[in-house]
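Note that the protein sequences, when read in sequence, are chains A and B. For the first sequence, this note's numbering assigns the number 1 to the initial residue and increments by one for each residue that follows. For the second sequence, this note's numbering assigns the number 1001 to the initial residue and increments by one for each residue that follows. Idealized CB from N, CA, C, for every residue including glycine.
Number of protein chains: 2
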Amino acid sequence: MRYSNATNYALHTMVHLILQPRESLVGVQELAEMQHLSPTYLSKILTKLTKAGLIESTPGAKGGYKISRTKHEISFLDVIHATEGDTSLFDCSIHHEGCLIEKVMWQAEENMKSELKSKLLIDIAKEAESKQNGMATGRFF
Amino acid sequence: MRYSNATNYALHTMVHLILQPRESLVGVQELAEMQHLSPTYLSKILTKLTKAGLIESTPGAKGGYKISRTKHEISFLDVIHATEGDTSLFDCSIHHEGCLIEKVMWQAEENMKSELKSKLLIDIAKEAESKQNGMATGRFF
DNA sequence: TCATTAGAGATATAAGGAGTCTCTAATATC
DNA sequence: GATATTAGAGACTCCTTATATCTCTAATGA
Chain A
1 MRYSNATNYA LHTMVHLILQ PRESLVGVQE LAEMQHLSPT YLSKILTKLT
51 KAGLIESTPG AKGGYKISRT KHEISFLDVI HATEGDTSLF DCSIHHEGCL
101 IEKVMWQAEE NMKSELKSKL LIDIAKEAES KQNGMATGRF F
Chain B
1001 MRYSNATNYA LHTMVHLILQ PRESLVGVQE LAEMQHLSPT YLSKILTKLT
1051 KAGLIESTPG AKGGYKISRT KHEISFLDVI HATEGDTSLF DCSIHHEGCL
1101 IEKVMWQAEE NMKSELKSKL LIDIAKEAES KQNGMATGRF F
């Protein structure tokens, strides 16, 4: 059981977009080069993020993507739900009510999710930005 | 991203074995019937649990499986490690030190694991046993 | 010796992840 | 209005993993 690569790409893309100047658009070409991906592949991921309302797209020449207006509220969990779906990690396949094992697994998953919900992308972006200003080199996300 | 069915089968098998009378052996045949699985498939899972030291096997006629002597200390996480491996759920594939995104993902995973580590199989077994005694019917794990 | 049981290995099938290619639709610029 | 540029949809390929099944071997009690 592992998070897909797509989730990693999505998270990095989101932080990158948050760090852009207000209202500026970034094309999939640039976003793909940054992460050494093919544009068509990344565009599939970007479409998911768009449909989830996390970013906004503008088609046509000089088009591209920008972060959604709700950027101050976007959590890690929001991005992960967009790429991984929001089904639970564990379901007891044996049909009966109130499986005690399932209950434990659900509680554990909830603990992970509550952490991911409390972490906002904008906080990571600001932390990366301040580190970058201090160090003059390196990339922190 | 989901836990494999094998993990579900392993957890149920472990709780079932804990509830057995001391030193009694249960064959893979019985364990498989209980969960509506083929014996050969379940035996692959049982082999993993054996190699992880969570259960002990006795080959030959009248052989079978019993819970390991450390049964009072076996956690959910121990079983999950045996079936799923113990690699982390997320790795930032972009090569650089101290990725802030990775750090958040690791912390979230740690929160889930600490819950799974604190939950012991024997507690679930006892809870299921007492519920079963009270209700006369039904299965609680 | 024989029946019973665990265990190893090869193989089969299906699903999902990862990625490419091609076509369509929208839009700015000339 | 023509053209270049960009997002988006759909079909397709390739690879890995999960989920088994079948067969053979090894150990052991009766």
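At a Cβ threshold of 9 angstroms, is residue i touching chain B?
i	result
A/Leu-187	Any answer about residue 187 of chain A is impossible in this case: the structure gives chain A only from 1 up to 141.
A/His-72	no
A/Lys-113	yes
A/Ser-24	no
A/Ala-128	yes
A/Lys-62	no
A/Asn-133	no
On the DSSP bridge list, what partners appear for residue i?
i	result
B/Thr-1058	B/Gly-1064
B/Val-1026	B/Tyr-1065
B/Leu-1120	B/Ser-1075
With 16 as the cutoff for other CB atoms within 10 Å, does residue i come out buried or exposed?
i	result
B/Lys-1062	exposed
B/Ser-1075	buried
A/Asp-198	What is shown of chain A runs 1 to 141, which leaves residue 198 of chain A out entirely.
B/Asn-1008	buried
A/Lys-44	exposed
A/Thr-13	buried
A/Asn-83	Looking at the sequence itself, residue 83 of chain A is Thr, so the reference to Asn does not match. Buried: at least 16 other Cβ atoms inside 10 Å.
B/Glu-1073	exposed
B/Glu-1097	exposed
B/Glu-1033	exposed
Can you tell me where the alpha helix (DSSP H) with residue i in it begins and where it stops?
i	result
B/Leu-1037	From DSSP, B/Leu-1037 is part of no alpha helix (DSSP H); its letter is neither H nor E.
B/Ala-1010	1005-1018
B/His-1081	1076-1084
So that I know if they touch, is there some Cβ in chain A lying closer than 9 angstroms to that of residue i?
i	result
B/Ala-1108	yes
B/Leu-1042	no
B/Ser-1093	yes
B/Thr-1087	yes
B/Val-1104	yes
B/Ala-1082	no
B/Leu-1011	yes
B/Tyr-1065	no
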